[in-house]
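Colleague:
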Amino acid sequence: MRWSKERKREYDDDIMTHPSDGEAWQALDRFDPEFGSDPRSIRFGLATDGFTPFSMGAAPYSCWPVFIVPYNLPPHMCMKEGFVFLAMVIPGPKHSGKNINVYMEPLIEELQELWIGVEAYDVVANERFTLRAAYLFSFHDLPAYGIWAGWCVHGRMCCPICMADTDAFILKYGGKVSFFDCHRRELLPKNEYRFDTVSFRKGKAVTKRRPSKRLKGEQIVEWLDELVDDDDGGFLGYGEEHNWTHKSCLWELPYAKALLLPYNIDVMHQERNVAESIISMCFDTDKTKDNVKARKDLAEICDRPWLEIQINYNGKESRPRAPYCLKREDKKQILKWLQTLKFPDRYAANIKRAVNVSTVMCKGDIKEVDA
């Protein structure tokens with residue numbers, strides 16, 4: 001448990017090899033120097049997600065285990081099976097939603113007690129000492145992120161980083177929220193793409209929009225304290241000025257304002273969804289997002305006439321073949337390559353089972369699995 005303080009660095013200071021190299025860890029040390037100077041002070045993370053303990057044919061039931069992961073351990077031990085502890089289980093049959101604070105209250109009380117300190121015994125030094133521990137960050141998929149943080153991750157303000165400072169819009173034909181061309185603002189002021197009025201949204205340059213800023217802990221707490229309750233158990237302005245559903249109980253921790261990354265997204269599900277969308281689009285399958293509605297929205301937003309919907313002689317609408325749609329021989333080469341992929345045990349699903357070269361088919365169940 002002393003490794004994070006007593007280790008010898010083998011790389012440059014600008015290379016991150018452990019959470020202790022990160023700014024979030026160091027910011028907590030600066031908040032309480034006494035806590036940061038003790039090599040026995042523990043920093044840990046929380047992780048939770050819903051799962052169905054019964055078979056899919058049974059009645060719907062979802063419970064939420066909450067795991068604690070200590071980060072003081074060296075990389076070859078950190079996040080391994082023997083050092084991941086089950087702290088609690090939030091029962092079903094449905095997810096807790098904004099009531100998660102009720103289930104988390106016992107854990108929050110223990111976290112507050114651990115911040116003050118509890119008596120422990122150091123076997124190495126053969127002495128008793130005051131052990132202190134702190135929550136550093138948590139990991140979830142996006143829906144669980146929204147429940148844990150109290151910010152709804154649906155709708156135009158679904159991004160938990162941009163929050164209300166977003167340029168997202170609703171597609172006219174698709175009817176879904178789109179973040180297309182919302183990220184040129186993150187580029188340097190003189191970047192050529194900021195002045196491009198052809199490659200992105202037609203006729204639009206992004207010359208004055210400043211990069212988005214991630215709110216600090218004290219700013220979030222101040223914002224939450226200013227919210228006014230409404231008659232439905234929420235906050236006034238929901239969906240228009242903000243997406244707050246409730247105030248997370250984690251902000252009750254005395255050091256919460258010093259946390260730089262209180263919540264984090266486990267990108268496994270996003271990687272799977274993006275990979276499946278790319279494969280479906282390039283293979284032009286029935287699941288492709290490049291459908292008629294998307295092409296109509298494309299005509300409204302972008303300047304790409306060669307991809308716009310065409311009307312056939314019989315009056316039916318058709319999609320011109322896009323240059324990113326693969327030919328049959330190209331598809332076969334990719335499928336053969338997928339068949340040859342090999343991964344460590346429990347690292348990924350068996351992709352070979354989802355590939356059929358003879359029919360040039362790639363099933364939609366290609367996905368990662370947790371290690």
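Be aware that the sequence shown starts at 1, since it is given in full-length UniProt numbering, and climbs by one per residue. All C-beta atoms, glycine included, are put in the ideal place defined by N, C-alpha and C.
(1) Let me know if SER318 comes out buried or exposed under the rule of 16 or more other beta-carbons within 10 Å of its beta-carbon.
(2) If you follow the beta strand (DSSP E) that THR48 is part of, which residue opens it and which one closes it?
(3) Quick one: using the 10 Å Cβ neighbour count with 16 as the cut-off for buried, is GLU6 buried or exposed?
(4) Find out if the Cβ-Cβ distance for the pair ILE265, PHE179 is shorter than 9 Å.
(5) In whole angstroms, what is the alpha-carbon distance linking ARG40 and LEU131?
(6) Using the three-state DSSP reduction, which class does CYS158 fall into: helix, strand or coil?
(7) Just verifying my parser: in three-state terms, what is the DSSP assignment at HIS269?
(8) How far does the beta strand (DSSP E) with ASP122 in it reach, from first residue to last?
(9) Across which residues does DSSP place HIS242 in a beta bridge pair?
(10) Note down, in chain order, each residue of its chain lying with its Cβ closer than 7 Å to the Cβ of residue 372, except the 5 sequence neighbours on either side.
(11) Hey, TRP244 and GLY97: beta-carbon distance below 9 Å or not?
(12) State whether the region 104-123 contacts the region 252-265, with contact taken as three or more CB pairs (one from each stretch) at a distance under 8 Å.
(13) Do the region 159-171 and the region 66-76 make contact, defined as three or more Cβ pairs closer than 8 Å?
(14) Please name the residue or residues paired with TRP151 in a DSSP beta bridge.
(15) Using the Cβ count rule (16 or more neighbours within 10 Å means buried), how would you classify ILE311?
(16) Please list the segments of the alpha helix (DSSP H) lying wholly inside the region 279-304, counting only runs of 4 or more residues, in order along the chain.
(17) Going by beta carbon distance, what residues of the same chain come within less than 7 Å of PRO211, once the five residues before and after it are set aside?
(18) What's the C-alpha gap between VAL206 and ARG304?
(19) Exposed or buried, which one is PHE343 when buried takes at least 16 other CB atoms within 10 Å?
(20) Closer than 8 Å: is that where the CB of ARG304 sits relative to any heavy atom of the ligand MG?
(21) Give the straight-line distance between the Cα atoms of HIS18 and THR48, rounded to the nearest whole angstrom.
(22) Whole angstroms are fine: how far does the CA of ASP284 sit from the CA of LEU86?
(23) Quick one: measure Cβ to Cβ for VAL177 and GLY155, integer angstroms, because I've assumed they're closer than 8 Å.
(24) Looking only at its own chain, which residues have a Cβ that is under 7 Å from the Cβ of SER277, when we skip the five neighbours before and after it?
(25) Under a three-way DSSP split, which group does PHE54 fall into?
(26) Tell me whether CYS63 sits in a helix, a strand or coil according to DSSP, three-state version.
(27) Can you check DSSP and say which residues form a bridge with PHE129?
(28) For TYR313, count neighbouring C-beta atoms within 10 Å of its own C-beta (all shown protein chains included) and say buried if the count is 16 or more, exposed if not.
(29) With ILE100 and CYS63 assumed to form a contact (beta carbons below 8 Å), what rounded beta-carbon distance in angstroms separates them?
(30) Buried or exposed, going by whether 16 or more other CB atoms sit within 10 Å of the CB of PRO323?
(31) With a cut-off of 8 Å on the beta carbons, I'd call LEU46 and TYR135 a contact; round off their distance for me.
(32) Have a look at GLN219, TYR238, TYR193, VAL198 and flag the residue whose alpha-carbon is nearest the alpha-carbon of ALA299.
(33) Tell me where the alpha helix (DSSP H) around ILE90 begins and ends.
Modeller: Looking at the coordinates:
(1) exposed
(2) From DSSP, the beta strand (DSSP E) with THR48 extends over 42-48.
(3) exposed
(4) no
(5) 7 Å
(6) CYS158: coil per DSSP, three-state reduction.
(7) helix
(8) 118-122
(9) TYR238
(10) The requested residue 372 does not occur in the structure, where the chain is confined to residues 1 to 371.
(11) Going by C-beta atoms, TRP244 is not nearer than 9 Å to GLY97.
(12) yes
(13) No, they do not touch.
(14) TRP151 pairs with TRP244.
(15) With fewer than 16 other Cβ atoms within 10 Å, it is exposed.
(16) 292-301
(17) ARG185, GLU186
(18) 19 Å
(19) With fewer than 16 other Cβ atoms within 10 Å, it is exposed.
(20) What this structure holds is no ligand at all, so the ligand MG is not there to describe.
(21) The alpha-carbon atoms of HIS18 and THR48 are separated by roughly 22 Å.
(22) 44 Å
(23) For VAL177 against GLY155, the beta-carbon gap comes to about 6 Å, under 8 Å, which counts as contact.
(24) Sequence-distant Cβ neighbours of SER277 in its own chain, meaning closer than 7 Å and more than five residues away, are LYS289.
(25) coil
(26) strand
(27) ALA120
(28) TYR313 is exposed by the Cβ-count criterion.
(29) So it is not a contact: roughly 13 Å between Cβ atoms.
(30) exposed
(31) 7 Å
(32) VAL198
(33) Going by DSSP, ILE90 is part of no alpha helix (DSSP H) but of the beta strand (DSSP E) stretching over 85-90.
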